[in-house]
Amino acid sequence: MTSNFSAWGRAVPLGAAVVGLALASPAAAQTQTPSTQELLEQIRLLQKRLEQLEAAEKRRQQDAEAKPRTPQRQAAPAQTAKINGAAPATGPGLTPNATSGGADAVVTAASGPAAAAPAGDPDKPNGTFMLGAAKLTLGGYIDLTSYYRTRNENRGTGTGYSSIPFNGPTPQGNTGEFGMSAQQTRLALKLEAPVGPEARLMAYGEMDFNNGSGGANSVQSNSYTPRLRQAFATYEDDSWQAYLLAGQAWSLATPFKKGLDALGTWQPPTIDHNYMVGYDYLRVPMVRAVKGFGNFWMGVEVNTPQTVFGGTSAVPSGQTVYTGYAGNTGLNPQVNYSTNVAPDVIAKVAVDTRFGHFDAFGVARWFQDQVSFGNTSVNYSAFGGGFGASAFVPIGPWVDLMGNVMYGNGIGRYGAGGLPDVTFTPNGGVTTLPQGMGTIGAVAHIVPKVVDLYGFYGWNWVGASYFPNGGYGNPTFNNAGCFNPNAGGTGCAGNTQSLTEVTAGVNWNVLRGRYGTVRTGLQYGHIVRTAYAGVGGTPSAIEDLFMFNLRFIPFE
């Protein structure tokens, strides 16, 4: 039965309170007789308390009835914690609503009093819990992605741009490739705890399943294993406008869209989990310090290094070049890891203006290989680095413009294209390769918070460095097998010179409400890989990519 606080319901307890005060007044008069003004003040306080109880009772009844057409109370203020970019949603049930223009998910976390509300409070976003003074926020999504490539890369949902097969030396590139995968399914967790009035600790972890263990296959079942994406902690101090970070996160080389917020980077909203040609980023273990000065930010980080080698070494007989060794405990034994003498160092500055966000950075790197001969060996090293910049410019609620660029020597590791950092010198040592990369594009919010369209162009080139019979991009290298599918897998040096991609797509939030978001998307990409000219010609490969996905994001 539904009951409300009526005028009579209010009058009865209020009258009882007045009578009680009147009866109590003779006894109280023996010590101190309250004035009329004091009595009226007490009555006012009682009335205010009764109104609060009435409001609480109405909320309880609305929650209990849970009628579909029950008027919705305005949601408490929310703080959006980015996991990959979108906006909070409120309201019971799944109803057509929102997107922010990304293919990825967010966690929304209540702030202020709502953060401490009981689990049944409809103002409380999904996935947020209070553990004493600490706030725990769940994130992630269930994903199914299907893909078709006009050249068979024998890969999952991440395109291998620099290894798109030519017409030879095997028939691999002369057929298409279709597949479906749930490996982009993502799990995320964020914990925030106050440390004094203006400081806090934050821990964040994120993983997906884009990793294949040694025995994984897709014949009858599979054993695709979790992959660590991010796992870091920060100490943030508002009074200093600064933070310290340790763990695995997006590096400072990654484009940002607000300050140097560790959860404020941007990625092209593609379905392809390798994003696109020309996008520069790292997501590796690091230590970072960031200091802000109003809308201006400065940061420096050191991160774990790795080197991508390209080309051919040509040392005399009896000598051997070592670029790395197979991983041991804790590393992948099927992969060679380079020998590293120092971390990569990145420094970045950023500014937020009324026009948008702009940042610039520099990176310093050190490389090494080893050459053995006779009864000894020699370590050869080289230094490299580069500069980059990015921008994120929103134009009202309708369009976001974004782009990034990077130039330098030995910066291949930073590009999604996967081109090499270094090649070899005549004595087997290392030398850096010049390289440039970049993307430019826009996201149009055709139906704001519901349908986004996007289009991007990306490019990546790497310079040549060679000597007789060796190096990278050598015009005397044999490319004849790159044109012959019956070459038996040989005779195709195929050193990549450039990559380009034009990609476009749509992301649509089909349903969105208190219980989550159902999102779907389509992506088309046109990718061109061109190799350096050699004996037999200049190989190139054109690949068209089609991707479709469906995601349930329960905490958005």
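Take any residue in the sequence shown, note its place counting from 1, add 23, and you have its number in my numbering.
Ideal placement from N, C-alpha and C gives every residue a C-beta, glycine not left out.
All of these numbers come straight from a predicted model, not from anything done at the bench.
* Which value, in whole angstroms, describes the spacing of the CA atoms of residue 234 and residue 228? -> One Cα belongs to residue 234, the other to residue 228, and the distance between them is close to 17 Å.
* Is residue 246 near the ligand GDP, judged by its Cβ being under 7 Å from some heavy atom? -> Looking at this structure, you won't find the ligand GDP or any other ligand, since it has none at all.
* Asked: Which class does residue 81 belong to by DSSP, given the choice of helix, strand or coil?
  -> Helix.
* Which of the three DSSP states, helix, strand or coil, is assigned to residue 359? -> In the structure shown, residue 359 sits in a strand (DSSP, three-state: E or B).
* Member of 375, 548, 523 and 176 whose CA lies at the smallest distance from the CA of residue 188 -> The shortest CA-to-CA distance from residue 188 to any of 375, 548, 523 and 176 is the one to 176.
* To do: Measure the C-alpha to C-alpha separation of residue 371 and residue 410 and round it to an integer number of angstroms.
  => Approximately 10 Å between the Cα atoms of the pair.
* Cβ-Cβ distance between residue 474 and residue 421 below 8 Å -> By the CB criterion at 8 Å, residue 474 and residue 421 fall outside the cutoff.
* To do: Might you give, ordered along the chain, the residues of its own chain that have their beta carbon closer than 6 Å to the beta carbon of residue 53, omitting 5 neighbours on each side?
  => Note that residue 53 scores a pLDDT of 40, beneath 50, so its modelled location is shaky; the value from the coordinates is reported in the next line. Excluding sequence neighbours, residue 53 sits near nothing in its chain.
* **Validate contact between the segment 447-460 and the segment 384-400 using beta carbons, cut 8 Å, 3 pairs** => Cβ pair count under 8 Å is three or more, so yes.
* To do: Use the C-beta contact count for residue 79: other C-beta atoms within 10 angstroms, 16 or more gives buried, fewer gives exposed.
  => Classification of residue 79: exposed, given that the 10 Å Cβ count is below 16.
* To do: Evaluate residue 566 with the Cβ neighbour count: other Cβ atoms within 10 Å of its Cβ, from every protein chain shown; 16 or more gives buried, anything less gives exposed.
  => Under a 10 Å Cβ-count criterion, residue 566 is classified as buried, with 16 or more other Cβ atoms of the shown protein chains found around its own Cβ.
* According to DSSP, is residue 337 helix, strand or coil? -> The three-state secondary structure of residue 337, taken from DSSP, is coil.
* **Same chain, Cβ closer than 7 Å to residue 293, five either side skipped, listed in chain order** => If you ignore the 5 residues before and after residue 293, its C-beta comes within less than 7 Å of the C-beta of 126, 299, 526, 528 and 546, all in its own chain and listed in chain order.
* Asked: Taking the alpha-carbon positions, what's the residue 538 to residue 160 distance?
  -> So the two alpha carbons sit approximately 15 Å from each other.
* Candidates 333, 510 and 151, of which the one nearest residue 211 by Cα -> For the residues 333, 510 and 151, the minimum Cα distance to residue 211 belongs to 151.
* Those residues which DSSP pairs with residue 320 across a bridge -> Answer by DSSP bridge pairing, in chain order: 315 and 373.
* **DSSP state of residue 578 mapped onto helix, strand, coil** => Under the three-state reduction of DSSP, residue 578 is assigned to coil, being neither helix nor strand.
* Asked: Near residue 218, which residues of its chain fall below 7 Å by C-beta distance, leaving aside the five closest residues on each side in sequence?
  -> Non-local beta-carbon contacts of residue 218 in its own chain, meaning distances under 7 Å to residues more than five positions away in sequence, involve 224 in chain order.
* **Extent of the continuous beta strand (DSSP E) to which residue 200 belongs** => Here the beta strand (DSSP E) through residue 200 covers 200-204.
* With a CB to CB cut of under 6 Å and the five nearest residues on each side skipped, what residues in its chain are close to residue 202? -> Excluding positions up to five away in sequence, the list reads 170.
* **Given 8 Å, three or more beta-carbon pairs between the segment 554-570 and the segment 495-509** => At 8 Å Cβ cutoff, the stretches touch.
* Of the listed residues 288, 198, 282 and 308, nearest to residue 251 (C-alpha basis) -> Of the candidates 288, 198, 282 and 308, the one whose C-alpha sits nearest the C-alpha of residue 251 is 308.
* **Beta-carbon proximity of residue 509 to residue 167, cut-off 8 Å** => No.
* **Backbone CA spacing between residue 232 and residue 446 [nearest angstrom]** => Taken atom to atom, the span from the alpha-carbon of residue 232 to that of residue 446 is near 32 Å.
* residue 466: which of 200, 204, 291 and 256 sits nearest, CA to CA? -> The shortest Cα separation from residue 466 among 200, 204, 291 and 256 belongs to 291.
* Asked: Nearest to residue 314 by CA position, among 351, 334, 264 and 342, is which residue?
  -> For residue 314, the closest of 351, 334, 264 and 342 by C-alpha to C-alpha distance is 264.
* Asked: Alpha carbon to alpha carbon, how far is residue 77 from residue 71?
  -> Distance between residue 77 and residue 71, taken at the CA atoms: about 10 Å.
* Cα-Cα separation, residue 244 to residue 488 -> Their backbone Cα atoms lie some 46 Å apart in a straight line.
* Identified DSSP bridge partners for residue 299 -> In the DSSP assignment, residue 299 is bridged to no other residue.
* DSSP beta-bridge partners of residue 415 -> Bridge partners of residue 415: 380 and 425.
* Asked: Across which residues does DSSP place residue 549 in a beta bridge pair?
  -> DSSP output for residue 549 lists 525 and 567 as bridge partner(s).
* Asked: Going straight from the alpha carbon of residue 73 to that of residue 155, what length do you get?
  -> So the two alpha carbons sit approximately 29 Å from each other.
* **DSSP three-state assignment for residue 600, whether helix, strand or coil** => This structure cannot settle anything about residue 600, because the visible part of the chain is limited to 24 through 579.
* **Closest residue to residue 174 among 579, 438, 552 and 416 (Cα-Cα distance)** => Here the closest residue by C-alpha is 552.
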